[in-house]
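Colleague: As you go down the protein sequences, you meet chains A and B in turn.
Here the first sequence is numbered in our numbering, starting from 1 and rising by one per residue.
Here the second sequence is numbered in our numbering, starting from 326 and rising by one per residue.
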Amino acid sequence: MPTRRRAILILLLLVLLALASLWTALAAGSIRFTAAEVLAALSGSDPPGADVILQLRLPRALAGFACGGLLALAGTLMQVLLRNPLADPYILGISSGAGTGALFAMLLGLPALAIDGLAFAGALGAMLLVFGLAHGDGSWTQTRLLLTGVIVAAGGGALVTLMLAIAPEDRLRGMLFWLMGDLAQTVSPWPPLATLAATLILTMPFARQLNLLARGLLQAQALGVEVDRLRHTVYLLAALATAAAVTSAGAIGFVGLVVPHLLRLASGNDHRLLLPAAALAGGSLLLLADTLARTLLAPQQLPVGVLTALIGVPVFLFLLSRQPK
Amino acid sequence: MRFLIGCLVCIAAAALLPHARGEIVVRDDVGATVRLRAPATRIVALAPHIVETLYAAGAGGHLVGAVDYSDHPPAARRLARVGGYSRVDLEAVVALRPDLVIAWESGNDMGQVDKLRALGLAVYVSQPNALPEIADQIERLGELAGTQATARAAAAAFRQRLAALRTTHAGKPVVRVFYQIWKAPLTTVGGPQIISDAIRLCGGDNVFGHLRRMSPTVSVEAVLAANPEAIVATGMGDARPDWLHDWDRWTGMTAVRRGNLFHINPDLMQRHTPRILDGTEKLCAALDVARSRRPQP
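#1: For P314 (chain A), count neighbouring C-beta atoms within 10 Å of its own C-beta (all shown protein chains included) and say buried if the count is 16 or more, exposed if not.
#2: For I208 (chain A) and chain B, any beta-carbon pair shorter than 8 Å?
#3: Using the Cα positions of L164 (chain A) and A114 (chain A), report the straight-line distance between them to the nearest angstrom.
#4: What does DSSP give as the partner residue(s) for I349 (chain B) in the beta ladder?
#5: If the cut-off is 8 Å on Cβ atoms, which residues from the segment 4-34 of chain A count as contacting chain B, listed in chain order?
#6: According to DSSP, F503 (chain B) sits in a beta bridge with which residue or residues?
#7: Using a Cβ-Cβ cut-off of 8 Å (strictly less than) and excluding sequence neighbours within five positions of A112 (chain A), which residues of its own chain qualify?
#8: Which term fits L9 (chain A), buried or exposed, when burial requires 16 or more other beta carbons within 10 angstroms of its beta carbon?
#9: Helix, strand or coil: which one does DSSP assign to V514 (chain B)?
#10: Just the Cα atoms here: how many angstroms apart are L86 (chain A) and R422 (chain B)?
#11: What residues in the segment 153-185 of chain A bring their beta carbon closer than 7 Å to a beta carbon of chain B?
#12: Output needed in chain order: residues of the segment 289-319 of chain A with a Cβ under 8 Å from some Cβ in chain B.
#13: Just to confirm before moving on: does the CB-CB distance between G408 (chain B) and D393 (chain B) stay below 8 Å?
#14: Any C-beta of chain A sitting closer than 8 Å to the C-beta of W572 (chain B)?
#15: Going along chain A, which residues have a C-beta under 7 Å from S411 (chain B)?
#16: Under 8 Å Cβ-Cβ, which residues of chain A neighbour V545 (chain B)?
#17: I need the straight-line Cα distance from L179 (chain A) to Y90 (chain A), nearest angstrom please.
#18: Please report the straight-line C-alpha distance between D563 (chain B) and T475 (chain B), rounded to a whole angstrom.
#19: Classify R367 (chain B) as helix, strand or coil using the three-state DSSP reduction.
#20: To which residues of the same chain is L586 (chain B) closer than 7 Å at the C-beta, ignoring the five residues directly before and after it?
#21: State buried or exposed for S43 (chain A), treating a residue as buried only when at least 16 other CB atoms are found within 10 Å of its CB.
#22: Output the distance between the C-alpha atoms of A284 (chain A) and L310 (chain A), rounded to the nearest integer angstrom.
#23: Reducing DSSP to helix, strand and coil, say where H588 (chain B) ends up.
#24: Specify the secondary structure class of N211 (chain A) as computed by DSSP and reduced to three states.
#25: With distances taken Cα to Cα, identify the nearest neighbour of F483 (chain B) among B:Q621, B:E606, B:T576 and B:P517.
#26: Run through DSSP, which three-state label would I427 (chain B) get?
#27: Counting C-beta neighbours from all protein chains within 10 Å, is the total for E510 (chain B) 16 or more, i.e. buried, or is it exposed?
#28: Taking P510 (chain B) as the query, report the chain A residues whose CB atoms sit under 7 Å from its CB, ordered along the chain.
#29: Tell me whether M78 (chain A) is buried or exposed, calling it buried when 16 or more other Cβ atoms sit within 10 Å of its Cβ.
#30: Note down, in chain order, each residue of its chain lying with its Cβ closer than 8 Å to the Cβ of V499 (chain B), except the 5 sequence neighbours on either side.
#31: Could you check how far apart the C-beta atoms of A447 (chain B) and P299 (chain A) are, in whole angstroms? I think they sit under 8 Å.
#32: Please report the straight-line C-alpha distance between L110 (chain A) and A126 (chain A), rounded to a whole angstrom.
#33: Could you tell me which residues DSSP pairs with A391 (chain B) in its beta bridges?
#34: What residue ranges within the segment 67-91 of chain A form continuous beta strand (DSSP E) runs of no fewer than 3 residues, ordered along the chain?
#35: So, is the C-beta of G577 (chain B) closer than 8 Å to a C-beta in chain A?
#36: Answer yes or no: the CB of V389 (chain B) versus the heavy atoms of the ligand NAD, is any distance below 7 Å?
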């Protein structure tokens, strides 16, 4: 386990990274601003073009940071709960539930708010379906939960494909962008930001118990952890966090799978450090990826999910190859 | 003897002429040669704009099948359907026993079109990318269907109207235009699109005309950076799309400050048919309004 000093150092570095990526997101774009102009806009004075920074870049940056943080946090929780390195926030069918809801709303041509509403309803529906069906006691529960999640995800995936196949041509592009993740359509950054703060505050007290759980179910039980209560609570929180992220930005892949692994490789397996670190690192990764997505081929836009993978894969492989066997 | 010479002349003529008597040879928009032994009487059209153009060429009665959304003229609604333009039901096409299939290069799946060719069907590929090409298209479709007289008259009328529009709007001060075809994702038209040609004709300049894609996705910020003088949107049908109001908050943009937010029915503007001149007239009128709102010096 890292010493307190090292943990603080790592968190400090991640805070700096988050601030740097926030600054990049605010300063980069089709309209050029000097650093002084960005600062002036943020400090409330009104230079020409301040509305571009305050109304366009800032909400998008905050939403991107929040969604990345939520996904990485949920991924960390899922990996320790399922004790499966392949687990990610979407493994229990939440993204395909949200996708089914969102695409259904788009198919009917409903406005943006209804798309978000149905996406959230779909995510909750998939979550309740999985937890309801997999409910049971005994050692089978874990495998059953995982299997139920994978099957529900497959069912949702089929519905999504069906809707893509019958959708009118003019709506198809919007649907595909939603599925690949698109921060341009985010209505407001506050719901995901509030959810990120709430999830972090609510899960931090469980960090020590999660450390014990990571060593094995029986050990955790023997050491006095109420495993069932812990798992139910944390599953629920992780699922809600994922639902909030997917609702506001679509199914952005990769952040929730790789950021937790990256941090475990870099900083060890202490969840008291991992949980806040995941929120910061996931947010920064998504924010940087989104900034690249909207500037790389400007004025054209790329789907942000492509960039999260393109940045994350080499970093992850590099860290993995450095790791002693 | 005279009979023999006559025969010889006939044979020589047949050998010299590029095609035998009655055979129709036409080059399509992708440069392929389409040969028909006789004028087509059973045509399947794989795009709504092709259906409209066939009716304009006087060959509407030769149509036996069309794709979804082929709704103009009203008679076209009764045609047998062979699926949507991006997912054509090949068996439905073959079942109609067409003697000519007319495909759309940028809309149809060209792999499917190749399969139709492999089944021995004559295929003409259409892709008009500039306004004058619509007149050529009418003539060529008329030739394929044997309705040249109607087609030539329609093409001439189109050319005349186009030339008149061009003369009216030539030399007017340039208006920088952002043309929005969809909101989520924010989609516009690139340089090769026929709409860019219509914008040019009206004395406009497409702010994303330098992009070489047909319908690029752009960011709100790129639109703000381009600072267009007018925004023209096409949503669904005649109604003004709700999302046109989304621009109102960007009061720094010239188009918003002067109230130059316009909309045109996409059926007029986004289909490559004679009706595009109706759309172009509306577009030119909108740009004239934009010019009239310029501050007087």
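Heads up, the beta-carbon is just placed ideally off N, CA and C, and yes, glycines get one too.
Computed from a predicted model, the values in this text were never measured in an experiment.
Modeller: Let's see:
#1: P314 (chain A) is exposed by the Cβ-count criterion.
#2: Looking at the sequence shown, residue 208 (chain A) is not Ile but Arg. It does not; no Cβ of chain B falls within 8 Å.
#3: Cα-Cα distance, rounded: 19 Å.
#4: Answer is B:L361.
#5: The segment 4-34 of chain A vs chain B, Cβ under 8 Å: G29, S30 and I31.
#6: Beta-bridge pairing links F503 (chain B) to B:I556.
#7: The answer, listed in chain order, is Q185 and V187.
#8: L9 (chain A) counts as exposed, since fewer than 16 other C-beta atoms from the protein chains shown sit within 10 angstroms of its C-beta.
#9: Of the three classes helix, strand and coil, the one that applies to V514 (chain B) here is coil, per DSSP.
#10: Cα to Cα, L86 (chain A) sits roughly 53 Å from R422 (chain B).
#11: Legend: CB atoms of the segment 153-185 of chain A lying less than 7 Å from CB atoms of chain B belong to residues E169, D170, R173, G174, F177, D182, A184 and Q185.
#12: The segment 289-319 of chain A vs chain B, Cβ under 8 Å: R294, A298, P299, Q300 and Q301.
#13: Taking 8 Å as the Cβ cut-off, G408 (chain B) and D393 (chain B) qualify as a contacting pair.
#14: Not a single C-beta of chain A is nearer than 8 Å to the C-beta of W572 (chain B).
#15: Within chain A, the residues near S411 (chain B) are E169.
#16: Proximity of chain A to V545 (chain B) at the Cβ level (cut-off 8 Å) is accounted for by L56 and A184, in chain order.
#17: Their backbone Cα atoms lie some 13 Å apart in a straight line.
#18: Taking C-alpha positions only, D563 (chain B) is separated from T475 (chain B) by approximately 30 Å.
#19: In the structure shown, R367 (chain B) falls within a coil segment according to DSSP collapsed to helix, strand and coil.
#20: Closer than 7 Å at Cβ, skipping near neighbours: I556, L569, W572 and A580.
#21: That one is exposed.
#22: The sequence shown places Ser at residue 284 (chain A), rather than the Ala named in the question. Across the structure, S284 (chain A) and L310 (chain A) are spaced so that their CA atoms are roughly 15 Å apart.
#23: Reduced to three states, the DSSP call for H588 (chain B) is strand.
#24: Of the three classes helix, strand and coil, the one that applies to N211 (chain A) here is helix, per DSSP.
#25: Ranking B:Q621, B:E606, B:T576 and B:P517 by Cα distance to F483 (chain B) puts B:E606 first.
#26: Note: I427 (chain B) maps to strand in three-state DSSP.
#27: Here the sequence assigns Pro to residue 510 (chain B), which means Glu is not the residue at that position. It counts as buried.
#28: Chain A residues near P510 (chain B): R173, G174, F177, D182, A184 and Q301.
#29: Classification for M78 (chain A): buried.
#30: Taken in chain order, the residues that qualify are G528, G529 and D530.
#31: Contact flag wrong, Cβ pair sits at about 42 Å.
#32: Cα-Cα distance, rounded: 21 Å.
#33: B:A370 and B:R406.
#34: Whole beta strand (DSSP E) segments, 3+ residues: zero.
#35: Yes, G577 (chain B) counts as interfacial toward chain A.
#36: The ligand content of the structure shown is nil, which means the ligand NAD is not present either.
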